[in-house]
Amino acid sequence: MRWSDFYLFTTREDPADAEVVSHRLMVRSGMLRKLAAGIYTYQPLGWRSMRKLMEIVRRELEVAGCVELSMPAVQPAELWQESGRWQKYGKELLRFEDRHQRGFCFGPTHEEVITDLVRRDVSSYRQLPLSLFQIQTKFRDEIRPRFGLMRGREFLMKDAYSFHADGDSLDEAYRALHDAYVRIFEACELDYIVVEADSGTIGGSSSHEFMVLADTGEDAVLFCKGSGYAANVEKATTRLAPPPPLPALEEPEAVDTPDAGSIGAVTKLLGVEPAQTVKTLVYESDKGFFAVAIRGDRTINEIKLKNVTDSLWIQLAEAPEVERLTGAALGYAGPCGLPDEVQLLVDESAAALQSFVCGANRTEVHLRGVQWQRDVGRSRTVDVLLAEPGDPCPRSGQALEGCRGIEVGHIFKLGTVYSSAMGCTFADENGQEQPMEMGCYGLGIGRTVAAAIEQNHDDDGISWPLPLAPFTVLLAALNPKDEAVVRTAEELYEQLRRAGHDVLYDDRDERPGVKFKDADLIGIPVRVVVGARSLEAGGVEFSLRSDREKRIVAVDELLAEVGAVVGGSSRV
RNA sequence: CGGGGCGUAGCUCAGCCUGGUAGAGCGCACGGUUCGGGACCGUGAGGCCGGAGGUUCAAAUCCUCUCGCCCCGACCA
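Residue numbers (our numbering): 20 to 591.
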């Protein structure tokens, strides 16, 4: 491709509204342009990288036995009402009506559509298992789109769905997709880890996320090198060591604790460790009020809390509400003697304490020597603890390490959640009707490309991993008025093209400095510069974006040099 | 939705506090000098100062309302 024929316009200045590197560089390099919040045009250069990734994804999914199809972006409300998600999905689901006032939404995901398709076509165990995928534009009306392609509203996603007669078959497909994802991210040369994940509104049992490691990642991950355990903090568990026990008392003792509405103040006043106390927080949800008791030094994981309470939404109750329910000022809530309308949940970390200090549900009073069995009413023990770096690994007991990641892939075992709700059934060997076991497997196309930039850039611009580079070779003719330079460059351009290389030929009438700066910015892996100076030195200048070490290569050896780095043809 | 910030030329921004009728750099066009790391000189085009209302002799500037965008939080494949 000749630059002069291509559609590629770089900018010198950073865009005012871009924060993270990938967003900034994609805009500056002419890959991406915002149309509205979270909605972008992929300019030709950006689209080429997306296409490279899509080809890798297609290749590996087909190896894993998936078949490509394409489903509508606009979906009828009835399907979503049938699965129950028309109510459940919230404001992220972009809903609208057609001219006949029929309800529609712009698909944020396609479980309903695919389940509807398969239930119409498939009726026997003999037709199973099946795996289908598409690469398609989704829309989620995110509360806060940000970071360019990392969290857009409209975005490209590869989504795959599998259908099975039994759980073993689902396990098999799940593993096959897992392995395909591994091959995809390996092929992209990305640094990533696979973590256990919360399954969110999609629902279902088992779930793993593929995280590209990056400090700008939106997700926090905990992992243990010893055991291989790795989980999103939303999901991560730990095995906390109990604190030194406090002496048992005959009965709880009320202590005046003026101005001690926080764990810090209470522990100071009573001379105990935060870990020897229990703090109680009151939550409000669509399932009513919950008091959550957790060890005083720890934080509640609200994702886990939402899951264990099976609620659509849950949030800390407002102060007046808390005061009404506990009969005490904020900061003095405790597990003893709560009204019936409040359900008590006790985190395992708190349940493990034999004798502890907690709020008395009386303003400026705490209790000490409280014991669960003896002093606290009906409660449910749950895991709602936010695990933190340094906590013991649930498998090996070694300290967990923390890092941040960009979620680029997420795979779920859905079980029969959708097939049951929507009557996607088959006849088994005995002629009995059964709901199909389902899996679903997402992979963010734009997000992966953005993640690749987060991981591969420097102060001057992008440094593409070869497989995702929009072009693999940049050929620059430095002085387009110098006949020898132009002749050599044109000849090399033809040679490289004929050899099947994806070559961008910078034939613009620009000063050398501009060409070099642009070359660094757009980050094509292999750079070949033809200039009067290089010709004098006996050839053309050859360098890699990754190290930028330049050397002169004879014109007739260039093809071999490029081939040695790039391999064979790489065109999209 | 809560908190904070920003909307002025294609882009990045100054001007606003203290009202007097529009600026810079980059980019663009033309001419000249340059030509291996975002050149220089000259000339020029380009703005309903996000929108609506108000105050005022006079509003980019002050007030009210609105729309859009960004950041933090809650939320999310």
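Glycine is no exception: its CB is placed at the ideal position from the N, C-alpha and C atoms.
In this text the structure is predicted, and so the values were computed from the model without any measurement.
Distance CB(residue i)-CB(residue j) smaller than 7 Å
i, j, result
"Ile282", "Lys298", "yes"
"Ala518", "Leu578", "yes"
"Tyr524", "Leu563", "no"
"Ala3", "Ser181", "No information on residue 3 is available, as it lies outside the stretch 20 to 591 that the chain covers here."
"Leu232", "Asp217", "no"
"Pro34", "Val46", "yes"
"Val548", "Val522", "no"
"Ile203", "Met73", "no"
"Pro408", "Glu420", "yes"
"Met90", "Ala469", "no"
"Lys177", "Leu487", "no"
"Ile464", "Met20", "no"
"Ala538", "Gly558", "no"
"Glu228", "Phe152", "no"
"Arg309", "Thr328", "Before going further, note that residue 309 is Phe rather than Arg in the sequence given. Yes, Cβ-Cβ distance for Phe309 and Thr328 is below 7 Å."
"Phe375", "Thr276", "no"
Where the alpha helix (DSSP H) containing residue i begins and where it ends
i, result
"Gln514", "502 to 517"
"Ala538", "531 to 541"
"Met69", "63 to 82"
"Lys107", "104 to 107"
"Cys288", "Residue identity check: residue 288 is Leu in the sequence provided, not Cys. Here the alpha helix (DSSP H) through Leu288 covers 282 to 289."
"Leu112", "Unbroken run through Leu112: none, as it is neither H nor E."
"Lys325", "321 to 328"
"Ala470", "464 to 474"
"Leu554", "551 to 555"
"Arg258", "Element bounds for Arg258: n/a, residue is neither H nor E."
"Leu494", "Element bounds for Leu494: not the alpha helix (DSSP H) but the beta strand (DSSP E), 492 to 496."
"Ser226", "Per DSSP, Ser226 belongs to no alpha helix (DSSP H); it is in the beta strand (DSSP E), 226 to 232."
"Ala579", "577 to 585"
"Ser368", "367 to 370"
Presumed contact (8 Å Cβ cut-off) between residue i and residue j, rounded CB distance
i, j, result
"Val213", "Ala249", "7 Å"
"Leu165", "Pro127", "According to the sequence shown, residue 165 is Arg rather than Leu. No, Arg165 and Pro127 are not in contact; Cβ-Cβ is about 17 Å, not under 8 Å."
"Thr257", "Ala406", "4 Å"
"Arg423", "Ala239", "6 Å"
"Leu44", "Ile472", "6 Å"
"Ala294", "Ala379", "With 8 Å as the limit, Ala294 and Ala379 do not qualify as a contact, their Cβ atoms being about 20 Å apart."
"Leu515", "Val581", "7 Å"
"Phe445", "Ala179", "With 8 Å as the limit, Phe445 and Ala179 do not qualify as a contact, their Cβ atoms being about 19 Å apart."
"Arg381", "Ala347", "5 Å"
Residue i - DSSP class collapsed to helix/strand/coil
i, result
"Lys432", "strand"
"Arg47", "helix"
"Tyr26", "coil"
"Phe204", "helix"
"Thr382", "coil"
"Ala677", "With the chain represented from 20 up to 591, any question about residue 677 goes unanswered, as that position is not in the structure."
"Ala352", "coil"
"Gly245", "coil"
"Gly458", "strand"
"Gln334", "strand"
"Gly611", "The structure shown does not extend to residue 611, since the chain is modelled only from 20 to 591, so the question has no answer here."
"Pro486", "helix"
"Asp190", "helix"
"Glu292", "coil"
"Arg145", "helix"
"Arg343", "helix"
"Glu303", "strand"
"Gln94", "strand"
"Val86", "strand"
"Ser600", "Any question about residue 600 goes unanswered here, given that the chain covers just 20 to 591."
"Asp198", "helix"
Span of the beta strand (DSSP E), counted from its first residue to its last, around residue i
i, result
"Asp238", "238 to 242"
"Gln153", "149 to 158"
"Asp135", "Not the beta strand (DSSP E): Asp135 falls in the alpha helix (DSSP H), residues 130 to 140."
"Lys569", "Counting along the chain, Lys569 falls outside any beta strand (DSSP E), and DSSP gives it neither H nor E."
"Gly122", "122 to 125"
"Ala273", "272 to 275"
"Asp394", "No beta strand (DSSP E) contains Asp394, which is instead part of the alpha helix (DSSP H) from 391 to 394."
"Phe174", "173 to 183"
Residue i CB to nearest heavy atom of the ligand GTP below 6 Å
i, result
"Asp316", "The ligand GTP is not part of the structure shown, which contains no ligands of any sort."
- Message: So, does the region 310 to 327 touch the region 357 to 370, judging by three or more C-beta pairs under 8 Å?
- Response: yes
- Query: Would you call the region 331 to 351 and the region 394 to 413 in contact, with 3 or more CB pairs under 8 Å?
  - Reply: no
- Assess, as a yes-or-no matter, whether the region 472 to 489 is touched by the region 533 to 546 under the definition of 3 or more beta carbon pairs within less than 8 Å. yes
- Message: Whether or not the region 452 to 467 and the region 183 to 194 are in contact is what I'm after, with contact meaning three or more pairs of Cβ atoms, one per stretch, closer than 8 Å; do they touch?
- Response: Here the region 183 to 194 lies against the region 452 to 467, with 3 or more beta-carbon pairs under 8 Å apart.
- Between the region 385 to 394 and the region 194 to 203, are three or more C-beta pairs nearer than 8 Å? no
- Could you tell me whether the region 104 to 115 touches the region 425 to 436, where touching means 3 or more Cβ pairs closer than 8 Å? no
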